[in-house]
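What follows is a short report on a single structure.
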Amino acid sequence: SLILFIFFFLSITFYTLSHTINPSFANCFALLIIKSSFPSHYLQSPSSSSFPLISPTLSIWSWSLVMAIPAALVILPLGVLFFFSGLVVNLIQAICYVFIRPITKNGYRRINRFVAELLWLELVWLIDWWAGVQIKVFTDRETLKLMGKEHALVVSNHRSDIDWLVGWILAQRSGCLGSTLAVMKKSSKFLPVLGWSMWFSEYLFLERSWAKDEITLKSGLLRLKDYPLPFWLALFVEGTRFTEAKLLAAKEYAIANGLPVPRNVLIPRTKGFVSAVGHMRSFVPAIYDVTVAIPKTSPPPTMLRLFKGQPSVVHVHLKRHSMKELPQSEDAIAQWCRDMFVAKVIIRR
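For reference, each letter of the sequence shown is one residue, going -18 to -1, 1 to 331 in mature numbering (1 follows the signal peptide of the UniProt record, and there is no 0).
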């Protein structure tokens, strides 16, 4: 276990450092590590030829055991690695926050982007290479050219418990992972390592009480006005993860209140969106309308599946809206948000 821990510590450290210099080289290195870590027949599904001397039922059980052993051996050292490397990152962030930020806030932001990205790339590695989750992005060429090169308010549906990691993958591929932000629950910032890194990175944390959150959100949004690097601010306006039961409740609520009936998303909570548009309109040029969908042929991605190294497929449809297109009044902005969600069509092929 100690040898395996050292091996993966050096491997992931090399991956995270090399990724900032040459992503293609780092990705090839990660693929080499995965291919060399397990025999090729471990990376295939069980068949009659894989276990010729045992029954099909035992074959499947043996396959599960074979995959569980390396998964367990990897998860433990990876967890230890993430925790302790995260504490180092948090310490560096704290030192920079105390000694550099009072002198130059934008200098602190540039340093923090690099430091935080080293930690977050470990989770990118987990979803992209260890679990092999396929994230397929559908957008137009003009939007693709602008991604990572402009400030953007990212508004997405909330389909699974790894949607935030999917967003990180998109940001990493666009070159702005370290300057990715999100609006999250206040309790999230107390999570050791990950929550602390987000707090130092200026994530916005709310209490889900608009009387308190209105002021917090306003100050947090205006603080980003002089942000020196292209950033994405993610906002999950549904407020909760999608389930069929919640969709049924949303349809009943829409019918009772004379609202457009959603087909496959929940009714957005528009106060945060209206506030974000109102305060960021002058310095954020675009809204990215993101629709996350899981094909019927793919099992939904979960954190447990990630740790077990089980792949999934995620489709991401992204449409860019110019901030100038949005109406001026708060009621009209709220209606624009509701219309955007009602228009979402999640195709599960």
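Built from N, CA and C at the ideal position, the CB exists for glycine as well.
Fair warning: this is a prediction, and the values are worked out from it, not measured in the lab.
Considered as a whole, the region 150 to 212 harbours 162 to 167 and 186 to 188 as its complete beta strand (DSSP E) runs of no fewer than 3 residues, in chain order. In the DSSP assignment, the residues bridged to leucine 215 are Leu135 and Leu163. Non-local C-beta neighbours of methionine 129 in its own chain, meaning closer than 7 Å and more than five positions away in sequence, comprise Ser156, ordered along the chain. Comparing C-alpha distances from arginine 302 to each of Leu58, Phe120 and Leu69 shows the shortest one belongs to Phe120. Counting other Cβ atoms within 10 Å of its Cβ, threonine 86 stays below 16 and is therefore classed as exposed. Relative to the Cα of tyrosine 209, the nearest Cα in the group Glu312, Ser161 and Val274 belongs to Ser161.
In this chain, lysine 290 is not harboured by any beta strand (DSSP E), its DSSP state being neither H nor E.
Around the beta carbon of arginine 245, fewer than 16 other beta carbons lie within 10 angstroms, which makes this residue exposed.
Exclusion of the five residues before and after leucine 101 leaves Gly68, Val71 and Ser179 as the residues of its chain whose Cβ lies within less than 6 Å of its Cβ.
Of the residues assessed, glycine 61 falls on the exposed side of the cut-off, its CB having fewer than 16 other CB atoms within 10 angstroms.
By the criterion of at least three beta-carbon pairs nearer than 8 Å, the region 134 to 150 is not in contact with the region 72 to 80. Under a 10 Å Cβ-count criterion, proline 283 is classified as buried, with 16 or more other Cβ atoms of the shown protein chains found around its own Cβ.
Three or more Cβ pairs drawn from the region 255 to 273 and the region 294 to 308 lie within less than 8 Å of each other, which places the two stretches in contact. DSSP places alanine 275 in the uninterrupted beta strand (DSSP E) bounded by 268 to 275. An exposed status is given to leucine 173, since fewer than 16 other beta-carbon atoms sit within 10 Å of its beta-carbon. The C-beta distance from valine 219 to glycine 254 rounds to 7 Å, short enough to fall under 8 Å.
Straight-line measurement puts the Cα of leucine 288 at about 29 Å from the Cα of leucine 230.
Less than 8 Å divides the Cβ of leucine 215 from the Cβ of alanine 164.
Boundaries of the alpha helix (DSSP H) harbouring glutamine 317: 312 to 324, taken from the DSSP string. For tryptophan 111, the closest of Trp146, Val97 and Ile151 by C-alpha to C-alpha distance is Ile151. Per DSSP, the continuous beta strand (DSSP E) segment holding lysine 118 begins and ends at 116 to 120.
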